[in-house]
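Colleague:
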Amino acid sequence: MNENPYQPVNAEIVDITDESPTIKSFVVVPEKPFKFETGQFVELTLPGEGEAPFTPSSSPAETDKMEITIMKAGRITTLLHDCKSGQKVGLRGPFGNGYPVDDFAGKEVYIVGGGVGLAPIRSLFLTLVDRIKDFKAVVCRYGARTPEDFICKDALFGPWQKIGGVDIKLTVDEANGNWKDNVGVVTTILDPKDVDAGSAVAVVCGPPIMMKFATLKLLEHGFGADRIYLSMEKNMSCGIGKCGHCMIGKYYVCKDGPVFTYEQVKGYPKIWD
Amino acid sequence: MKTVFASKLEPLLGAVAEQMELYVPQKSGDYYVFRRYDRSADVPVELNNIRTCTPVKEFLFPLRETAAVYPKPIESEQVKPFAVFGLKQCDLRSMAILDKVFKEEEFKDPSYVERREKMFIIASDCSEPGESCFCNILDGKAYASSGFDLNVSKVRDGFIVEAGSDKGDDFIEKHSQLFSEAPEALLTEREQDRAKTQQQLEKNNAELQFDTPLKEIFESGQDSDVFDVEAKTCIECQACTRICPTCHCFYLYDTARGDYFAKMKMWDSCMRMAYAEVAGGANPNKILGDRLKHRLFHKFVYFLDRYGLEMCVGCGRCVDADAGGIDIRQMFKKLNEELQSKDKAEVTK
């Protein structure tokens, strides 16, 4: 950690990939190695414009470069979408906790993701796949608005589905001509037979409304609130539990999260808003 | 630690000002504010009988400051030692609260830590608590027993000066010509004055002495409409959070400065509409009453859960400053009444 927690590490965007009409992935190379744990987030600075929080979508095993998948949603993300390769940026962090991957050992990991929420989950997925034998199974249920809106399509529609120990099912809100899988929101493909709700751990990441209904569905299936891991999205700014913008009750999402169990946050008002 | 007597204030302040920048209270209208002490200006320094209007956080956590410069970091300008005279116990307690946040082990805020170390604190007893002061409800006192370098108490014919740190002790020793032994009679007088002011506070705030801790009063009011009702007159001026000595939310923004960039830190307010809004538009506190509720829950529930103390010192500045007439004490009372009637209903059942 830098001595001054507000000081960004200089970095450069070296590659940009279009993932969907509103999502791009940026490969960022920091001036010095930048370690993070899967699920932690960084503050990406666009010089002179501002910064915004993102959970990297690449594997933490790579420390010389990092991929950040960004949906065009506000001022900074719109400016980032207009950037070209070679753009200088800054990185602060990593901040917060990651997914407790070691605690998942020996268990079925049930990953429920939606939309751009698949970006942090990609990082988790790659981490799990790296040591797939440590887990009983990795079961993924992903949703997107349309088939075009999935990220990492090449891997997701092909190679990832063939990894031993991995089970992936996809759904879209609106299908197009070639879509043969399920149509409906992600909760429509959550089957009580997918995993053993009494022992598996669930990881949920996506838009707030999707997280809310996925969590309710998981509880209905018998998941304990302490085994549902949520990647919470709040207005994280300083990253170090001081500026106040990302509070959920007594927690600072930036420092105590962004990964929380539902058990931790369920008593506080408006967690999904 | 030494306790001594000084017949005059000016030589003591003069000696401090010779070593460092000194800020002293000055009357501005009905209130005191801090001004830079200037010996040559010939403006006599008044010992403020009550806390200043402006909060001490200004000295440690300025309204706006540069948090970082990039791409090439520069050594920030060193903070020069400075002294503040006339801080009350509520001010010292507000600093202890800010310390919890900005001096936290894991992530220290470098500029806060530096300013805090360079600050020489000269506290003074409170002799005339204001109408809005309710510090005693939050275990506050009209005088400080710790947290200062020097403390000054007005007594007959002069001042009792007490050291509260090694820095304060050294100061007294180095300037021994300014002081004489503190007569026992004057020390007794100081104790009597302190007790009198404390009694005054107890009397003023008798109505705020509840049987239930404030935290429980708030927690039981989670679904109360008190916040929405009170917020009706709020004009969203944010004065309550700016003038609060413990509110410490800030906003980070970036700016271009010629050939380099700066990350700036500026006071923010949780009463601001877009405060908690994320880029996608979601905002848990769109409703003004919810923002007011969050502010008070932060002060009396969340901060206590996290750091073991309330984020309020009962200085009453927010009451004085509120253009909409919102009075935090009225909310205590209303929530407590609601709790009492809830309890009564339980018993009747």
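Going line by line, the protein sequences match chains S and C.
The working numbering applies: residue 168 is where the first sequence begins, and numbers increase by one.
The working numbering applies: residue 433 is where the second sequence begins, and numbers increase by one.
Quick reminder that beta carbons are idealized off the backbone N, C-alpha and C, glycines included.
(1) By the three-class DSSP mapping on this structure, what secondary structure does Leu771/C have?
(2) Could you compute how far the alpha carbon of Val279/S sits from the alpha carbon of Ser290/S?
(3) With distances taken from CA atoms, which of Asp470/C, Ile506/C, Thr780/C, Tyr739/C is nearest Lys535/C?
(4) What is the residue span of the alpha helix (DSSP H) that Ala617/C lies within?
(5) Which word fits Ser404/S, buried or exposed, when buried means at least 16 other C-beta atoms lie within 10 angstroms of its C-beta?
(6) Using C-beta distances below 8 Å, list every residue in its chain close to Glu170/S, excluding the 5 sequence neighbours before and after it, in chain order.
(7) Per DSSP, which one or two residues make a beta bridge with Lys232/S?
(8) Does Thr687/C come within less than 9 Å of chain S when only Cβ atoms are used?
(9) Which residue or residues does DSSP assign as beta-bridge partners of Arg496/C?
(10) May I ask you to report which of helix, strand or coil DSSP gives Pro223/S?
(11) Here's the rule: buried if 16 or more other CB atoms are within 10 angstroms of the residue's CB, otherwise exposed. What is Glu594/C?
(12) Taking Cβ-Cβ distances below 7 Å as the criterion, which residues of the region 632–665 of chain C are in contact with chain S?
(13) Taking just the CA atoms, how far does Gly416/S sit from Ala574/C?
(14) List the residues of chain C whose Cβ lies closer than 9 Å to the Cβ of Thr212/S, in chain order.
(15) Ignoring anything shorter than 4 residues or poking outside the region 436–504 of chain C, list the alpha helix (DSSP H) runs there in chain order.
(16) Anything in chain S within Cβ reach of Val710/C, meaning under 7 Å, just list it in chain order.
(17) Assign Asp231/S to buried or exposed, taking buried as 16 or more other Cβ atoms, counted over all protein chains shown, within 10 Å of its Cβ.
(18) Do the region 192–202 of chain S and the region 671–685 of chain C make contact, defined as three or more Cβ pairs closer than 8 Å?
(19) So if DSSP puts Cys676/C in a beta bridge, which residue, or which two residues, is it bridged to?
(20) So is Cys681/C in contact with chain S if we call contact Cβ pairs under 9 Å?
(21) With a 10 Å radius around its C-beta and 16 neighbouring C-beta atoms as the bar for buried, classify Thr245/S as buried or exposed.
(22) For Cys702/C, which residues in chain S fall below 7 Å Cβ to Cβ?
(23) Taking the continuous beta strand (DSSP E) assigned at Glu594/C, which residues delimit it?
(24) Does any residue of chain S have a CB that is nearer than 9 Å to the CB of Pro542/C?
(25) For Met414/S, which residues does DSSP report across the bridge?
(26) Asp534/C touches chain S at which residues, Cβ-Cβ below 9 Å?
(27) So which residues of chain S does Ala671/C contact, with C-beta pairs closer than 7 Å?
(28) Got a sec? Which residues, its chain only, sit under 6 Å from Gly206/S by beta carbon, not counting five neighbours each side?
(29) With 9 Å as the threshold, decide whether the Cβ of Val733/C is near any Cβ in chain S.
(30) So with CB distances below 7 Å, who are the chain S contacts of Asp737/C?
(31) Considering only the beta carbon of each residue, do Thr212/S and Tyr502/C sit closer than 9 Å?
(32) Exposed or buried, what is Val181/S when buried is set at 16 or more other beta-carbons lying within 10 Å of its beta-carbon?
(33) By the criterion of Cβ-Cβ separation under 9 Å, what are the contact partners of Pro494/C in chain S?
(34) Identify whether Met527/C lies in helix, strand or coil by the three-state DSSP scheme.
(35) Give me the residue from Ser597/C, Gly562/C, Trp699/C, Ile604/C with the minimum Cα distance to Leu633/C.
Modeller: Per the coordinate set shown:
(1) The three-state reading of DSSP puts Leu771/C in helix, counting H, G and I together.
(2) Distance from the CA of Val279/S to the CA of Ser290/S, rounded to the nearest whole angstrom, comes to 14 Å.
(3) With distances taken between Cα atoms, Lys535/C lies closest to Tyr739/C.
(4) 616–636 is the span of the alpha helix (DSSP H), which, as asked, contains Ala617/C.
(5) Under this definition Ser404/S is a buried residue.
(6) Taken in chain order, the list of residues that qualify is empty.
(7) DSSP lists no partner for Lys232/S.
(8) Yes, its Cβ sits closer than 9 Å to a Cβ of chain S.
(9) Bridge partners of Arg496/C according to DSSP: Met698/C.
(10) Correct three-state label for Pro223/S: coil.
(11) Buried is the call here.
(12) Per Cβ criterion, the list is empty.
(13) The C-alpha of Gly416/S is placed about 32 Å away from the C-alpha of Ala574/C.
(14) Correct list: Tyr502, Asp686, Phe693, Lys695.
(15) Taking 4 residues as the minimum length, the alpha helix (DSSP H) runs contained wholly in the region 436–504 of chain C are 442–451, 489–492, in order along the chain.
(16) Listed by position along chain S, the residues whose Cβ is nearer than 7 Å to that of Val710/C are Glu400, Lys401, Asn402.
(17) It counts as exposed.
(18) Short answer: they don't touch.
(19) Answer by DSSP bridge pairing: none, since Cys676/C is not bridged.
(20) Output row for Cys681/C: interface = yes.
(21) By the 16-neighbour rule on beta-carbons within 10 angstroms, Thr245/S is exposed.
(22) The answer, in chain order, is Gly411.
(23) Boundaries of the beta strand (DSSP E) around Glu594/C: 590–595.
(24) Yes, Pro542/C counts as interfacial toward chain S.
(25) Answer by DSSP bridge pairing, in chain order: Tyr419/S.
(26) Note on identity: in this sequence residue 534/C is Phe, with Asp being the wrong assignment. By Cβ distance, chain S contributes Lys409.
(27) Within chain S, no C-beta atom comes less than 7 Å from the C-beta of Ala671/C; the nearest is roughly 17 Å away.
(28) Correct list, in chain order: Gly265, Tyr266, Val426.
(29) Chain S, which has a Cβ nearer than 9 Å to the Cβ of Val733/C, makes this yes.
(30) Against chain S, a Cβ distance below 7 Å from Asp737/C picks out Lys417.
(31) Contact flag set, yes.
(32) Looking at its Cβ environment, which holds fewer than 16 other Cβ atoms inside 10 Å, Val181/S is exposed.
(33) Within chain S, no C-beta atom comes nearer than 9 Å to that of Pro494/C; the closest sits roughly 14 Å away.
(34) Reduced to three states, the DSSP call for Met527/C is helix.
(35) The closest CA to that of Leu633/C, considering only Ser597/C, Gly562/C, Trp699/C, Ile604/C, is found on Gly562/C.
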